[in-house]
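Numbering (this note's numbering), first residue to last: 213 to 433.
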């Protein structure tokens, strides 16, 4: 049991209740130390929990950092950025610095070189029950060496935007009269979601691909 000098403090963070010791909240300089050690007015809910009007999504990480002075950060760059934003709000400079060190430079997060699938066997292995959704862009190359790039879709920008959320590959094939256009398949949960890159200069292809990818990502969570 905690002593009167180190009581259990109940927090309501965005509607989710957390409990910790006062000593945890006062271990590092920041917003919580000010709340606990000064007479600054504090908003409380109907259960006398200190109310914090923030998202509870990463608050367990926040608490664990205050307990131990360190915390294992997620692999997702987006999640790390969100934790950094919360750390800045709570004035936890140590956690802010930890998040900054964890973030890789953009050129390392999103390499310029694409990953290519070179055989049907490799295509099957990479798309059968993948851990996260896979998109494969199929592109034609003429026997003369002419490359027909996809209309109205910047593959590099797409790669930068979605490389942390899905697996992205390119599968090149020989151009023929019957098959001479770019198309793509999204693989997830043993399902196939096909799409064709149509002739467009108005953003239609980019929107169509991104809408499908976002929908599959949501379904795969």
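Backbone N, C-alpha and C define an ideal beta-carbon position, used for all residues, glycine too. Note that this is a predicted model, so its numbers are computed, not measured.
- Counting only the Cα atoms, residue 327 lies some 28 Å from residue 294.
- In the displayed model, residue 250 falls within coil according to three-state DSSP, outside both helix and strand.
- Just so you know, the alpha carbons of residue 305 and residue 332 end up roughly 50 Å apart.
- By the beta-carbon neighbour count (other beta carbons within 10 angstroms, threshold 16), residue 404 is exposed.
- Around the beta-carbon of residue 350, 16 or more other beta-carbon atoms lie within 10 Å, marking it buried.
- The beta carbon of residue 224 sits closer than 6 Å to those of 257, 261 and 263, all from its chain and outside the five residues before and after it, given in chain order.
- In this structure, the beta-carbon distance from residue 345 to residue 417 does not fall below 9 Å.
- For the pair residue 374 and residue 425, the CB atoms are nearer than the 9 Å cut-off.
- A Cβ-Cβ distance of about 12 Å is found for the pair residue 367 and residue 348, leaving them out of contact under the 8 Å criterion.
- Residue range 416-431 is occupied by the alpha helix (DSSP H) that includes residue 417.
- When secondary structure is reduced to three states using DSSP, residue 380 falls in the strand class.
- Taken through DSSP and simplified to helix, strand or coil, residue 305 comes out as helix.
- In this chain, residue 371 is not harboured by any beta strand (DSSP E); it is covered by the alpha helix (DSSP H) spanning 367-374.
- Only residues of its own chain outside the window of five on either side were considered, and among them 292, 295 and 296 have a CB closer than 6 Å to the CB of residue 311, listed in chain order.
- Note that the C-beta distance between residue 234 and residue 220 is below 9 Å.
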